[in-house]
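Novice: Please read through the structure below; I'll follow up with questions.
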Amino acid sequence: MVESNATLFISGALSAIKEITTPNKTMTIELLELTADCKIVGNASTCNCSSKYIWSNDVCWKFQCCNDSYCNANISNYPALCIPKVKDGFQKLHGFGCLNVSGLSVIFLTDTLAKIIADLEPTVGKIAVETSGLVSIQYPMDTVQFFSTPTLNCTFEEKTNGSWNWELFKGNETFNLNNGNSITVSFPNEMSPNRTTVQIVKLSGNWAGIYKCGFSEGSIVHAASAELKVALLPDKITMSSVPPTVDCQDTNSRSVRVTATIENSTEQYNVTWAYQNKPQTQPVPPAGTTYTVTPMISCNPSSPSNVVIVKFQNQKDENKNASITIPVIYAQDKDKACPEERIWPKTPKGVTVIIRECEVNKVGYQERTCRGPEWMDVLDNCVNEEINKVVNLAANFKEGLGATQEVALQIFSGLKNNMDATSVADVSASINVLDIMSQASANINLDNSILDVFLGAASNMLNNSWKTVNKTLEYDMSSKYLQSVEGLVNNIKMNTSDGNDTPNIQLILCNGQNNTSCNGTVFGVEVTLALSSGIVKTVGVKNLADKLNNSNFPDYKFPSIVVSATLQNSNDSKTNIKLDFPITKSMAQDYNILCVFWNTTLMEWSEEGCKWKKMVNNRSYCECTHLTSFSVLMSKTPVTLLFLDEITYVGLGVSICSLLIFLIIEALVWSAVVKSNLSHFRHTALVNISLCLLLADCSMLAVYFPSIQTPTWCLVLTVTKQFFFLAMFCWMLCLSIMLLHQLIFIFHPLRKRVYLLLSTVLGYICPTVIVSVTYVYYKYTGKPYHDTETCWLIYEGLLKGSIHAFLLPVGTIVFMNFFSMGVVIMTLLKSTVSDGSKSDEKETAKSIMKGVVLLTPVFGITWVLGFFVLSIDSRAPMGVVVNYAFSIINSFQGLFILLTGGFAEKRVRDEVLNLAW
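In this text, residue positions in the sequence shown follow this note's numbering: the first is 587, and each later residue adds one.
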């Protein structure tokens, strides 16, 4: 440092020094310049750089003296106060012309910048800073081929502690990149701590654009970007023709307009056409994304197939083809063709026609197959536009384009908000979205923030009936749905919570540890699983079981839901799961029940590894040795004992014939045997009992005829059986009341008018009221009134089901008839004792037995066995005995009435013999 005015003399002194020798080198001074000038007055110091110099970085950083401003600080101790300006420095180079500085950059420590931003944010708010230059990107600079696998790399000079991400900019859209079917993204690791890579393994038009890699730490992002240029080919080529088919009345060729449509593209394609391998000229210039050719289709049956091919070639000479076959109706095949019908053209046999027309706000196509000469049903593949957008978004997500948690939430929200439509195409498209997201979730981490929306969307799909054109499509949809829901539940990372409930899906979580037992209930199914660690995810699904393929068990149906159990973060190699399905007591006793799981490989139910163990609290107890989707199957018809059906058929036939004979006999002997009010009362009751039983037996026998087992006839037969059996028991009660009155009130006999009025009200009006009220109640409460397979009332458990509208009245009547029979027996015993007779006890027992035998059929006492049938397992030894006894005695009840009510009465027997002779 030289004091003021010393600069006038220092130049001369320094000019005398030409060379300076040091211990290691010899330096030659070629040019001396004044770089800085300082004035020191007392303790005050004022410095400035010469015109060609600016302050050094050290001075600028520590004293805030920057560029060429004056500096009021004591900086005399700094060896390098000023440095040359950039342009003036370059002028010293030989051959230098000019330098245009358009921007400045500086190398700095990122930690220092981060500290400055952190200090500023509490004062000025959130600050976002993005730098360039610290991150470098390596990419293919030339246009890459469509079928190549380009790689992009980003590196950072410092060791990174923040997070990396990749983005793709296409027009106004920005997509985050993640691992998917088309790309592999690798981030810094121990082997490569400051490097990230994107490799596109399946290139398409979606991957052309500007790639940006960024490293973020706090509010600072260090980024680099580059454009990947791709020699594009169409991702999808849609072919169509007008007309869709050619009707050849003769051998003359027909002209057809064939169109190929692609998505918007910046590529200039070389498009060529061929028909029957012969080049075709394109008379019409392409209109945007539509290319057209008009070939002459041959009507000669012996000519090659009528295939039109279009080929798109890009700048790298890569090709992509598409073709369409033009269906031709030849003259000899016109009788087998399907006729023209609205939008469907005349079509040859075995050909499927595709019409790319849909309603407003829908996209897709409709297809229909000619079975010849009749059309099959239309398969509608027109999808709601909003759902179609969700499908495309999910497809990109699966490929790795926009594969983030936020986009996943957007996809499931789109499904949930657009499931008002009931078309099969919409449901099928929505299930495809679930399937895509299930596959994508194996590569991309999804957390439980999307759980509510996902389950809500999946539940809404089950609100519709899925009325499809054929069962095969329904089976495919239901199987894909089940696997997708199970896959998503398995892949979504969840914490333990109270679970999620929707109308058709319930999810519960349980955290297992130290071999504890995880218990949970979904839709009434209790699930128990013991594990050492991890989270048990249990899902219950309603309205799905009947949609799945059940070809392995055609004689079984689903009375329950589908339950799926999966594990998260578990090390258990073996699992043992127990499922307690709510099966009614009557089902468990009378039906075969199987525990099954859904075999995802064979797409069908299987019993392997699952067993129905026992019955506990009216529930079917299943135990399985693996985890997947479970359910229970119940036989469509009750378990039948050997020859039980045959005995019933024969008994009903004999009973019907016997009742007809009895009614004929009653008509013939009526005037001869009915001489008093008492006999009139008895025979009136017997005739009505026989008539009601006859009609009830006919209704029961009619159920076994397949020709009349329609839903309407099934309902009619259920109503008639309930009515006539109730009427029969009510007339039995009339007979019982009449007999009881006669025994108790000996000197007050019933009047004929009173008895007939009472009998009519009790015998027909009461059953009518009971049946009507029962039907109306179940009709308007939405509960099932009858079983459509057995055409009889439903028993669901104790005091549950329409069967109780039959059991309770019948039980009451049988109890009262028991009481009446007891009074009769007591009267017989009393009369014997009061006479003081020395008759043998055998005669007394014989009288009692005779009374029991005569009264049991007409009092309906044998129907007590029916209550035991409902309460005892039909497969148990006692249950077998009770079932056989009930079927034999009650199916032959008409015969017993003929014997006890007709031939057992002497006056009737005598009158029949008189008529016979």
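All C-beta atoms in this analysis are idealised placements derived from N, C-alpha and C, irrespective of residue type, glycine included.
Is the region 975 to 990 in contact with the region 914 to 923, if contact means three or more CB pairs nearer than 8 Å?
Specialist: no
Novice: Looking only at its chain, what residues have a beta carbon closer than 6 Å to the beta carbon of Ala844, apart from the 5 residues adjacent to it on each side?
Specialist: It is worth fixing the name first, because residue 844 is Val in this sequence and not Ala. Answer for Val844: Ser827, Val879, Val894, listed in chain order.
Novice: Should Met1318 and Ile1275 be called a contact, given that it needs their Cβ atoms to be closer than 7 Å?
Specialist: Contact: yes.
Novice: Grab me the residues of Thr1442's own chain with a C-beta within less than 7 Å of its C-beta, minus the 5 sequence neighbours each way, in chain order.
Specialist: Thr1448
Novice: Apart from the five residues on each side of it in sequence, which residues of its chain come closer than 6 Å, Cβ to Cβ, to Gly795?
Specialist: The residues are Leu754, Phe755, Lys756.
Novice: Does the distance from the C-beta atom of Arg954 to that of Val964 stay below 7 Å?
Specialist: yes
Novice: Which class does Phe742 belong to by DSSP, given the choice of helix, strand or coil?
Specialist: strand
Novice: List, from N- to C-terminal side, the beta strand (DSSP E) runs of 3 residues or more that fit wholly inside the region 1037 to 1125.
Specialist: Listed in chain order, they are 1091 to 1097, 1102 to 1108, 1111 to 1117.
Novice: Going by DSSP, what residue range makes up the beta strand (DSSP E) through Trp1317?
Specialist: Counting along the chain, no beta strand (DSSP E) covers Trp1317; the unbroken alpha helix (DSSP H) around it starts and ends at 1297 to 1330.
Novice: Taking all protein chains shown into account, do 16 or more other C-beta atoms lie within 10 angstroms of the C-beta of Trp793, making it buried, or fewer, making it exposed?
Specialist: buried
Novice: Kindly provide the ranges of any beta strand (DSSP E) runs that are 3 or more residues long and lie completely inside the region 957 to 1020, ordered along the chain.
Specialist: 965 to 970
Novice: Specify the secondary structure class of Arg840 as computed by DSSP and reduced to three states.
Specialist: strand
Novice: Taking the beta carbon of Ala1282 as the centre, do at least 16 other beta carbons fall within 10 Å, making it buried, or is it exposed?
Specialist: buried
Novice: Check Gly719 in the structure and name its three-state DSSP category.
Specialist: coil
Novice: Rounded to whole angstroms, what is the Cα-Cα separation between Gly1422 and Thr1413?
Specialist: Any answer about Gly1422 is weak, because its pLDDT of 48 lies below 50 and its placement is not dependable; what the coordinates show is given next. If you take the alpha carbons of Gly1422 and Thr1413, they lie about 15 Å apart.
Novice: What does the Cβ neighbour count give for Asn643, buried or exposed, with the cut at 16 atoms within 10 Å?
Specialist: exposed
Novice: Would you call the region 1309 to 1325 and the region 1341 to 1354 in contact, with 3 or more CB pairs under 8 Å?
Specialist: With the cut-off at 8 Å, the region 1309 to 1325 and the region 1341 to 1354 touch.
Novice: Considering only the beta carbon of each residue, do Gln1308 and Phe1229 sit closer than 7 Å?
Specialist: No, Cβ-Cβ distance for Gln1308 and Phe1229 is not below 7 Å.
Novice: Tell me, to the nearest whole angstrom, how far the beta carbon of Leu1093 is from that of Val1075; I am working on the premise that it is less than 8 Å.
Specialist: Contact between Leu1093 and Val1075 holds: their C-beta atoms lie close to 7 Å from each other, under 8 Å.
Novice: Quick one: give me the first and last residue of the beta strand (DSSP E) that Glu953 is part of.
Specialist: 948 to 955
Novice: Within 8 Å, do at least three Cβ pairs link the region 737 to 749 to the region 827 to 843?
Specialist: no
Novice: Would Lys1369 be called buried (16 or more neighbouring beta carbons within 10 Å of its own) or exposed?
Specialist: In the assembly as shown, Lys1369 is an exposed residue. Its beta-carbon has fewer than 16 other beta-carbons within 10 Å.
Novice: Please classify Pro1395 as buried or exposed, where buried requires at least 16 neighbouring CB atoms within 10 angstroms.
Specialist: It is buried - the Cβ of Pro1395 has at least 16 other Cβ atoms within 10 Å.
Novice: Could you tell me which of Leu1020, Cys624, Asp705, Tyr877 sits nearest to Leu667, measuring between CA atoms?
Specialist: Comparing Cα positions, the closest option is Cys624.
Novice: So the beta strand (DSSP E) Lys625 belongs to, where does it begin and stop?
Specialist: Boundaries of the beta strand (DSSP E) harbouring Lys625: 622 to 627, taken from the DSSP string.
Novice: Check whether the Cβ atoms of Val1013 and Asn1050 sit closer than 7 Å, and answer yes or no.
Specialist: yes
Novice: Runs of 3 residues minimum, wholly inside the region 893 to 920: which ones carry the beta strand (DSSP E) assignment?
Specialist: 893 to 899, 905 to 911
Novice: Would you mind reading off the limits of the beta strand (DSSP E) that contains Tyr877?
Specialist: From DSSP, the beta strand (DSSP E) with Tyr877 extends over 876 to 879.
Novice: Taking the Cβ atom as the reference point for each residue, do Glu1497 and Ala1258 lie within a distance shorter than 7 Å?
Specialist: Yes. Within cutoff.
Novice: Alpha carbon to alpha carbon, how far is Phe1553 from Thr1214?
Specialist: Any answer about residue 1553 is impossible in this case: the structure gives the chain only from 587 up to 1503.
Novice: Kindly list the residues whose CB is nearer than 7 Å to the CB of Asn850, restricted to its own chain and excluding five residues on each side of it in sequence; keep chain order.
Specialist: Thr875
Novice: Round the Cβ separation of Val1494 and Val1255 to the nearest angstrom and send it over; I've been treating them as touching at under 8 Å.
Specialist: 6 Å
Novice: When burial is assigned at 16 or more other CB atoms within 10 Å of the CB, is Asn629 buried or exposed?
Specialist: exposed
Novice: Helix, strand or coil: how does DSSP classify Asn1274 here?
Specialist: helix
Novice: Within its chain, find whatever has a CB closer than 8 Å to the CB of Leu995; leave out the 5 residues flanking it on each side and keep chain order.
Specialist: Ser1035, Ile1036, Val1039
Novice: For Phe1489, tell me which candidate among Leu1277, Thr1374, Ser1244, Ser637 has the shortest Cα-Cα distance.
Specialist: Ser1244
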